[in-house]
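Under the numbering used here, think of the first position of the sequence shown as 518, with each following residue one higher. Here the structure comes first, spelled out in C-alpha cells, and everything after it is commentary.
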Amino acid sequence: MTIAGVPRAEFGVCGGSGTLSFAFPAGLEDERVEVLAEDLVFETPFGRSPAFTHFRVTGPRGPREALTVKMHGWRRGVKRADASLQVFSVFHEAGVRKVLADGGVGSLNHLLDPRDVVIPTDFVDLTVKQDIYVRGDHLLIMRQPICPDLHAHLFGSASERFGRVFRRGTYLVTDGPRFESPAEVDYMKRMGADVIGQSLAPEVFLARDIGACYAGIYMVVNYGEGVVKAWEHAELKAIFFEESADVARCVIDAIADADLEAPCGCMDLRKPSLLNLPQE
Ligand SMILES: [Zn+2]
C-alpha cells in the first residue's frame with residue numbers, strides 16, 4: 518500500500534470534542550508547536566481521507582512530527598468506521614508509532630461529575646462494524662489495550678491542569694452520534710464501564726494493527742441518562758469551549774515528552790496472524 522504525498526510522522530492525533538472547538542494545534546499559541554501544513558487530503562485504499570494538519574513539536578527529546586485530524590463532523594455518507602480506516606491508513610503510511618486521542622464522554626459511574634478527566638485503561642466495544650483492519654496480518658491481543666507509557670504522560674500532564682483526574686477506567690464505545698436512552702445506560706453500567714463515548718474504537722485496535730501504541734484523554738461532559746441527575750446542555754457547551762485548550766495541552770505535552778523507545782510492551786501483543794501464513 519502506498520498513499521501519495523503523506524509526510525513522515527511519529528505521532529498521530531485523533532482529535533475529538535476536546536480539541537474541536539478551536540484550531541488545533543495552532544490556536545494553542547504554544548511555542549513548542551510549529552504547523553508545517555494544513556488541509557492535507559489523501560487518496561487512500563479506503564477512499565478520500567478527511568483533512569489532516571501536519572505539525573512539529575519541539576520538546577526536551579528534540580523535534581517530533583505529528584499528523585492530526587478532526588474525528589468529528591465526518592462528511593455525510595461516510596461511515597465512521599470507514600473514515601477511521603482512511604485515517605489509520607494515512608497514519609500507517611506516515612510511519613506513526615504513537616497515537617493519541619482526546620474526546621468528551623458521558624458518565625456511567627456515579628462517582629464521576631462533569632469536568633472530571635478519565636485516562637482509561639480498558640474498553641468495551643459495542644460498535645456494530647467489527648471486521649475492519651488496515652493491514653489485517655496480525656493477531657491483535659487486547660490484554661493491555663492502552664499504552665502504559667503514553668497513559669503515564671497523559672495522566673501526569675492532566676494532573677497538573679485539572680482538579681480531578683482518574684488513572685483507571687473502562688470506556689464503553691457506541692456508534693452514536695445520538696446519546697443513549699436510560700435503559701441503555703442502565704444496561705451499559707452493568708457491563709462494568711465507567712464512561713461512554715464514540716471515539717475509542719475502532720481507533721484503539723487499528724493502532725495496534727498498524728504497529729502503534731494508543732492512549733487517550735477524555736473529559737466527562739455529561740451524566741449518562743439516569744446517572745446522578747439530568748445533565749444540562751449549557752454546561753456541556755461551556756465545557757466544550759472552556760476546557761478544550763487544556764485538554765489539547767496534555768496531548769502536546771505527551772508528544773513532547775513521551776519516549777519513542779519506551780519498553781511499554783504494546784508490540785508484544787501484536788503477533789503474526791496464523792491465518793495469513795505464506796502460501797507454499
Ligand atoms: Zn506502548
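Glycine included, every Cβ here is placed at the ideal spot set by N, Cα and C. Nothing here was measured: the structure is a model prediction, and the numbers come from that model.
**Message:** Quick check on residue 797: does DSSP put it in helix, strand or coil?
**Reply:** Low per-residue confidence applies at residue 797: pLDDT is 48, beneath 50, and the placement is therefore not dependable, though the value from the model is reported in the following sentence. Looking at residue 797 - three-state DSSP - the assignment turns out to be coil, as it is neither helix nor strand.
**Prompt:** Hey, which unbroken runs of the beta strand (DSSP E) at 3 residues or more fall wholly within the segment 573 to 623?
**Reply:** 579 to 587
**Request:** Would you tell me roughly how many angstroms separate the C-alpha atoms of residue 521 and residue 560, rounded to the nearest one?
**Result:** 7 Å
**Message:** Does the beta-carbon of residue 481, which I'm using as the reference point, lie nearer than 7 Å to any heavy atom of ligand 1?
**Reply:** Absent from the model: residue 481. The displayed extent of the chain is 518 to 797, so no value can be given.
**Asked** Hey, is residue 638's beta-carbon within less than 8 Å of any beta-carbon in chain D?
**Response** Any reference to chain D falls outside this structure, which holds one protein chain only.
**Item:** Residues of its chain near residue 762, where Cβ-Cβ distance is below 8 Å and the 5 sequence neighbours each way are ignored
**Value:** 539, 544, 545
**Request:** Please find out if some non-hydrogen atom of ligand 1 comes closer than 7 Å to the beta-carbon of residue 730.
**Result:** yes
**Asked** With a CB to CB cut of under 6 Å and the five nearest residues on each side skipped, what residues in its chain are close to residue 616?
**Response** 529, 724, 729, 731
**Message:** Short of 7 Å in beta carbon distance, which residues of its chain neighbour residue 576, apart from the five on each side in sequence? Order them along the chain.
**Reply:** 549, 773, 774
**Prompt:** CB of residue 783 to nearest heavy atom of ligand 1: below 7 Å?
**Reply:** yes
**Asked** residue 797: buried (16+ other C-beta within 10 angstroms of its C-beta) or exposed?
**Response** Note that residue 797 scores 48 on pLDDT, short of 50, meaning its location in the model is unreliable and no value can be drawn from it.
**Message:** Which of the three DSSP states is assigned to residue 521 in this structure?
**Reply:** coil
**Spatially closest choice to residue 735 from 698, 618, 655, by CA coordinates** = 618
**Asked** What separation, rounded to the nearest whole angstrom, lies between the Cα atoms of residue 523 and residue 695?
**Response** 33 Å
**Request:** Flag this pair as yes or no: are the beta carbons of residue 683 and residue 622 separated by less than 8 Å?
**Result:** no
**Three-state class that DSSP yields for residue 546 in the structure shown** = coil
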